[in-house]
Every structure is written in C-alpha cells, then in structure tokens.
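Contents: one structure, followed by commentary.
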Amino acid sequence: DDAETPGREGKVKLVKDNKVRRVVLCSGKVYYDLFEAREESGVDDVYLLRVEQFYPVPRKSLIHELKRFPQAEIVWCQEEPRNMGGWTFIRDELEWCANQAGSSSPRPSYAGRPPSAATATGLLSKHKAEQDSLISTALGKDPVADNIVAT
1 DDAETPGREG
11 KVKLVKDNKV
21 RRVVLCSGKV
31 YYDLFEAREE
41 SGVDDVYLLR
51 VEQFYPVPRK
61 SLIHELKRFP
71 QAEIVWCQEE
81 PRNMGGWTFI
91 RDELEWCANQ
101 AGSSSPRPSY
111 AGRPPSAATA
121 TGLLSKHKAE
131 QDSLISTALG
141 KDPVADNIVA
151 T
C-alpha cells in the first residue's frame, strides 16, 4: 500500500494492522483509482494490496501480508467483468492463502462488474457509473458479500 511507502504516502494515515477492516486486493490501474478514492474519502481502515504477478502465484508473500490483518474482510476488486480479468484465476488462490494466514474471512469477496460478453459497455457515462460503483463498493462501509455492480 503506497500509504506506507516513504515518499509516496498519501494524506490518509492508515489505522494499525489489527484495526484494518478490509483488505482490497487488485491488479493494474484500478489500484490507483482505489488509492485516489480512499484519499478523497478519508477512509483509513482499508488496506490496498496489489497483486501484479499471477503465475506463479506469490503465495508466501500473500500469506505474509494477510497474516497482518487477521480480522479483515478480504475483497478482490477489478475493472473487468467478472468472467474476465484476474478473479476467476485468483479466487481459489486467495482463499487458500487466507486460510493459511488464519484469516477470519477466508473466502474473498468480489467487487466489480457483472459477467459480460463485451469487455466494455461502449458508453462512457455507463462506464464511469460502473467504475464509481465498483470503487465505492470496494472501499464501502458495508460488507461486500460477493457484490456485483449493477448495470
């Protein structure tokens, strides 16, 4: 999380690890959207964790990081539709790592677009609304409960 990286910290100071409510894992540019939204909203109990290597899955690193947040809900966030992007590949790996880490929330939830035959909506206003919704869901105060952004 860049909030903990010297020289790259944001204005939001995160709570102690044992007070983190949610760990949001993601890959790619959605991280920067999440970071910016977290900064703007002042959310201090959501840790953002980038997963930029899918194969081989960095299990040791994931377990090490997830052990820091034993009470946190684990969420995967992606911009791509549910049937695309990293979710279908990483879901089982995240669940295994969360169990190994002793997480109280061993099954990761999903925050993102619903399944789709197309990679994009084709309408900028709809894309923006979906993007805002998935970011809000990932950082939200309510449990994600395998949320899918409505279209």
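The numbering of the sequence shown is UniProt numbering, which starts it at 1 and goes up by one.
Think of the CB as a built atom: it goes at the ideal place given N, C-alpha and C, for glycine as much as any other residue.
Contact between C26 and R50 holds: CB atoms are separated by about 6 Å, below the 8 Å threshold.
S136 sits in a helix when the DSSP states are folded into three classes. According to the DSSP assignment, S109 belongs to the beta strand (DSSP E) that extends over S109 to R113.
The count of Cβ pairs closer than 8 Å, one atom from the segment 51-66 and one from the segment 83-103, reaches three, so the stretches are in contact. Shown here, Y55 sits in coil according to DSSP, grouped into three states, outside any helix or strand.
Annotation: the continuous beta strand (DSSP E) that includes L49 extends over V46 to R50.
Per DSSP, the beta-bridge partners of V75 are V24 and S109. Judged by DSSP secondary structure, R91 falls within the alpha helix (DSSP H) whose first and last residues are W87 to Q100. Closest in C-alpha terms to R113, from the list G102, A101, A129 and S104, comes A129. Contact between E73 and R22 holds: CB atoms are separated by about 5 Å, below the 8 Å threshold. For L34, the uninterrupted alpha helix (DSSP H) run begins and ends at V30 to S41, by DSSP. Spanning the alpha carbons of F54 and K29 requires a straight line of approximately 15 Å. DSSP lists no bridge partner for P70. If you draw a 10 Å sphere on the C-beta of L123, you find fewer than 16 other C-beta atoms in it, and that means exposed. Taking a C-beta distance under 8 Å as the contact criterion, S104 and P81 do not qualify as a contact pair.
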